[in-house]
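Per my numbering, the sequence shown starts with residue 146, numbered consecutively.
Below is one structure, written out as structure tokens, with a few remarks after it.
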Amino acid sequence: MLWRAYALLSHGGDRFGLGSVGPGSWRMPAIPITFRKSSDVLKVLEEADTAIWSASALSACAESGLLIRLRHPATVGDLASALSLAPALVQTLLDALAAFGFVTWHDGRVQASPVLMPFTSSEGAETFKAALRAPLLQTEDFRHRLKAGNLSLDGWSHTDDAIIEAQGTLTRHWTTRALPKLKFLPGLVPKLEAPGAALLDVGAGAAGLSIALCRHFPHLSAVALEPAPHPAELGERHVRQAGLASRIAIHRERVEEIQEDRAFDLAFLPQMFLPDAVIEEALRRIFRALKPGGWLLVAALSHEAPGTASAVNRLKNLLWGGNTRDVARIKPLLESAGFDPVIRAPGRQSLRMICARRPNLRDLP
């Protein structure tokens with residue numbers, strides 16, 4: 146999911162869209178749609194209805210335990226009996242999975258297809274469930290707060306354990322999948338494997354990223370910043386449960402207030418959670434906190450083109466951090482803080498990753 150960084154560094158960021166362009170040039174102009182009829186609006190609403198119920202059906206497959214049961218062939222009757230569900234409901238949930246190509250049938254028995262099989266393990270099913278629970282719970286919270294008139298754009302303010310836990314599970318999954326790609330960032334993996342290696346995890350929440358990285362790199366320690374009391378408590382609990390309390394410290398501190406100097410080899414910043422008022426200072430503090438040659442990974446929601454996905458990502462940005470910064474706006478801020486190079490990961494995922502390096506002392510003019 147990350148990038149072939151050596152090639153990127155060799156050829157420069159401009160080749161990948163980070164050249165001397167202004168923020169506006171990243172977004173194609175939207176073409177007004179004037180030819181739709183009222184029936185077309187109803188069609189959009191019907192598609193939204195299908196999407197909502199599809200997400201709920203897939204979530205039910207994980208929540209009910211059906212997903213794990215599909216690791217081995219079984220009949221509908223066997224599944225219904227094991228899960229204490231009506232056979233008709235089990236069949237309908239299987240039909241929903243089949244519509245996505247997630248199950249196969251043979252001699253009256255159903256089993257997960259090869260693409261779904263990794264998600265039938267205990268850990269895989271938790272990831273599958275979290276990927277659906279997180280947006281379902283957050284959208285429900287969004288609608289309730291909007292209706293109650295207490296919706297604010299002050300940043301991430303969730304206190305619901307289920308939402309925080311779901312986000313933490315997704316973070317662990319993302320980190321685990323990204324680990325093999327870290328080797329493409331020049332000099333990073335040897336630093337993380339060496340005694341004294343250190344990570345700065347900004348906005349740690351349930352500490353999923355710190356836990357995943359510290360499990361993978363035995364010499365790595367982490368400072369996980371989480372200023373919100375409730376997520377910090379959950380993070381501390383997860384760290385204890387993982388047996389990593391001696392290596393991961395949860396600091397209830399804001400990133401724009403950190404005082405460390407040349408302390409970390411790697412930092413992770415989900416910048417969409419930071420308001421515009423503090424982002425520049427946050428980047429300056431992180432730059433100072435990194436060792437020369439250290440890397441900063443910056444997560445950004447992609448909304449550089451017209452369309453539904455881009456509009457939805459802008460809405461997420463507003464609800465999570467009160468801003469709509471995109472990749473193009475982040476690049477000059479990173480450069481102003483001193484990072485060089487600043488590279489955007491190629492790809493079309495909704496979550497984009499930017500890597501930025503604090504130059505080695507020998508690289509400076």
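A virtual CB, placed ideally from N, CA and C, is assigned to each residue, including glycine.
Keep in mind that this is a model prediction, so the values were computed, not measured.
Taking all protein chains shown into account, do 16 or more other C-beta atoms lie within 10 angstroms of the C-beta of residue i, making it buried, or fewer, making it exposed?
i, result
"L441", "buried"
"I197", "exposed"
"G466", "buried"
"P259", "exposed"
"S355", "buried"
"A501", "buried"
"W250", "exposed"
"V186", "exposed"
"R489", "buried"
"L506", "exposed"
"R385", "exposed"
"K561", "There is no way to answer for residue 561, as the model of the chain reaches only from 146 to 510."
"L291", "exposed"
"P174", "At P174, the pLDDT of 40 sits below 50, so the modelled position is not reliable and the matter cannot be decided from this model."
"E381", "buried"
"A390", "exposed"
Which whole-angstrom value is the C-beta distance of residue i and residue j, which I expect to be below 8 angstroms?
i, j, result
"L344", "A373", "Contact flag wrong, Cβ pair sits at about 20 angstroms."
"E371", "I395", "6 angstroms"
"T469", "L478", "Actually they do not touch by this definition, with Cβ atoms about 14 angstroms apart."
"A279", "Q236", "The pair is not a contact, with the Cβ atoms about 28 angstroms apart (cut-off 8 angstroms)."
Relative to the alpha-carbon of residue i, which residue among the options has its alpha-carbon at the smallest distance?
i, options, result
"E310", "L330, H383 and G332", "H383"
"T272", "K326, E285 and R322", "R322"
"E285", "R433, S201 and L212", "S201"
"V347", "S204, P232, A427 and L460", "A427"
"G388", "A243, K274, E268 and A352", "A352"
"V443", "T453, K436, Q236 and F432", "F432"
"D471", "G332, R497 and G483", "R497"
"I499", "A445, H289 and G452", "A445"
"G438", "A207, R407, R430 and P451", "R407"
"I213", "G253, L261 and A243", "L261"
"K461", "K188, V235, S447 and R474", "S447"
"L419", "C359, T453, A357 and S302", "S302"
Distance check for residue j and residue i, CA to CA, integer angstroms please.
i, j, result
"P415", "T314", "16 angstroms"
"F409", "H375", "26 angstroms"
"L190", "I424", "37 angstroms"
"A307", "L282", "8 angstroms"
"G294", "R288", "10 angstroms"
"I393", "L230", "42 angstroms"
"P451", "V400", "32 angstroms"
"A405", "A434", "Checking the sequence shown, residue 405 turns out to be Glu, not Ala. If you take the alpha carbons of E405 and A434, they lie about 5 angstroms apart."
"G222", "A233", "10 angstroms"
"P325", "A241", "33 angstroms"
What are the start and end residues of each continuous alpha helix (DSSP H) run of 4 or more residues lying completely inside the segment 320-386, in chain order?
If we require 4 residues or more, the alpha helix (DSSP H) runs fully inside the segment 320-386 come out as 333-338, 353-361 and 374-386.
Complete runs of the alpha helix (DSSP H) confined to the segment 211-247 [at least 4 residues]:
Correct list: 211-214, 221-228 and 232-244.
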